[in-house]
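All remarks here apply to the structure that follows.
Numbering (the numbering used here), first residue to last: 1172 to 1642.
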């Protein structure tokens, strides 16, 4: 079932703190901890057989959730031990919840942690912004099977970076909404199975914070479907600049555009048109000048970069910008320290290496880096990777997790460019086209029948992938 856009919101730790404070105005904090503890316990009971459990409780609300889990598992007949990594403040809500634990409290948890069947990490939540101390690190290193409350301790809730050390959880249960750090690498690899649970916080509290980040899934965008009145021009025209030497890239973009549903695809050949004409009868190869091609007012969407040499980009891209067409820029456009060259493009799709070449180091924060690049260039930025980040100049960001290693093949990026161009030609906005295109690209990988597809294999699945995105 397609989620509503509000369900796809990803909240920074600071935003989640604001939500918690707002929720506490109508629901006691202790009740929220009880609800959270019940939610975690239910997920544990679904997945694990009864075993000995060590609950590591921190001093904050995360620790309070842990004390509730300990009490409920013990009530279910599980042998449970609790270690207070740090004591809660006197007379706080956490202290009151901790006081309800009447079972075994151990101080030397290092001697237990390797023996128990399950460790509950309730030490720190997503708000942690410094490395774990050495004692906690050494303790967590010994844990074999970990369930994390909110996020594994040591994973930065906003950036997904590992602050010194974090345990690899098998299951992470978070509340109300996920955080960016759950989906950004490397944090995503430490989260294990992620479950987001409702603990009684009203969705209306989202209006109290400015949501600017979402998980990239259907619901964030809507794919156009067939109409009985459709014809090739209404489905959109995509024009692709084909390089004089590396001709395969433009061909892959063209095939991707056709298979995603473009009504008409042109390749503007900078070199010999024959090598393009012989590739497929389904796209048109231009032999006229660029100036003549740009006179056709129907050709509003252009792909520039795949397979192009720097000198070809420097000649063609300014002409496209001057013509005020919409440009999806990739590959050859990403030249060292040349961000000015990209102004006037609509969407840019660099991988990490290309991004650093143009904009400099990311400094372990992909979201902020992509957002800044979007603001600097005025383009929607698709920062490609296993955790692709899509950023709009207005500050919106989407994080994509719908991808697999099947996409790790030469020409995969050229394929993505063709997908995005087709969606833009169909009438979607730049933001929607980029987000939906990234998801469809990932879906095509999942639909491949084997684990080692080529870019051409990906293209064959794009029609079905688009259909799945529209459901």
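For glycine and all other residues, C-beta sits at the position ideal for the given N, C-alpha and C.
Reduced DSSP category for residue i - H, G, I as helix; E, B as strand; rest coil
i: residue 1617; result: helix
i: residue 1252; result: strand
i: residue 1597; result: coil
i: residue 1496; result: coil
i: residue 1228; result: strand
i: residue 1520; result: coil
i: residue 1413; result: strand
i: residue 1388; result: coil
i: residue 1367; result: strand
i: residue 1275; result: strand
i: residue 1113; result: Only positions 1172 to 1642 of the chain appear in the structure, and residue 1113 is not among them; the question remains open.
i: residue 1585; result: helix
i: residue 1505; result: coil
i: residue 1536; result: coil
i: residue 1437; result: strand
i: residue 1135; result: A question about residue 1135 goes unanswered here, because the residues of the chain that appear run from 1172 up to 1642.
i: residue 1422; result: helix
i: residue 1548; result: helix
i: residue 1342; result: strand
Beta-carbon spacing of residue i, residue j below 7 Å
i: residue 1569; j: residue 1611; result: no
i: residue 1529; j: residue 1560; result: no
i: residue 1447; j: residue 1436; result: no
i: residue 1363; j: residue 1342; result: yes
i: residue 1195; j: residue 1409; result: no
i: residue 1562; j: residue 1356; result: no
i: residue 1516; j: residue 1498; result: yes
i: residue 1184; j: residue 1298; result: yes
i: residue 1303; j: residue 1252; result: no
i: residue 1386; j: residue 1179; result: yes
i: residue 1494; j: residue 1465; result: yes
i: residue 1211; j: residue 1344; result: yes
i: residue 1626; j: residue 1583; result: yes
Through-space distance from residue j to residue i, alpha-carbon basis
i: residue 1394; j: residue 1484; result: 31 Å
i: residue 1271; j: residue 1334; result: 32 Å
i: residue 1323; j: residue 1283; result: 20 Å
i: residue 1441; j: residue 1398; result: 36 Å
i: residue 1372; j: residue 1274; result: 30 Å
i: residue 1508; j: residue 1527; result: 9 Å
i: residue 1417; j: residue 1328; result: 42 Å
i: residue 1544; j: residue 1519; result: 10 Å
i: residue 1424; j: residue 1601; result: 18 Å
i: residue 1228; j: residue 1314; result: 14 Å
i: residue 1489; j: residue 1511; result: 11 Å
i: residue 1181; j: residue 1365; result: 13 Å
i: residue 1597; j: residue 1617; result: 24 Å
i: residue 1589; j: residue 1431; result: 8 Å
Counterpart residues of residue i in DSSP-defined beta bridges
i: residue 1475; result: 1500
i: residue 1211; result: Residue 1211 is not bridged to any residue.
i: residue 1222; result: Paired residues: none, contrary to the question.
i: residue 1555; result: 1522
i: residue 1292; result: 1227, 1319
Proximity winner among the options, relative to residue i (alpha-carbon distances)
i: residue 1256; options: 1293, 1247, 1224, 1571; result: 1293
i: residue 1451; options: 1400, 1426, 1580; result: 1426
i: residue 1404; options: 1453, 1470, 1617; result: 1470
i: residue 1338; options: 1374, 1541, 1290; result: 1290
i: residue 1268; options: 1478, 1247, 1242; result: 1242
i: residue 1547; options: 1374, 1535, 1565; result: 1565
i: residue 1391; options: 1173, 1312, 1621, 1629; result: 1173
i: residue 1316; options: 1286, 1295, 1345; result: 1286
i: residue 1439; options: 1575, 1188, 1475; result: 1475
i: residue 1258; options: 1295, 1250, 1249; result: 1295
i: residue 1381; options: 1589, 1177, 1604, 1588; result: 1177
i: residue 1306; options: 1330, 1278, 1588; result: 1278
i: residue 1574; options: 1603, 1220, 1354; result: 1354
i: residue 1433; options: 1551, 1473, 1449, 1318; result: 1473
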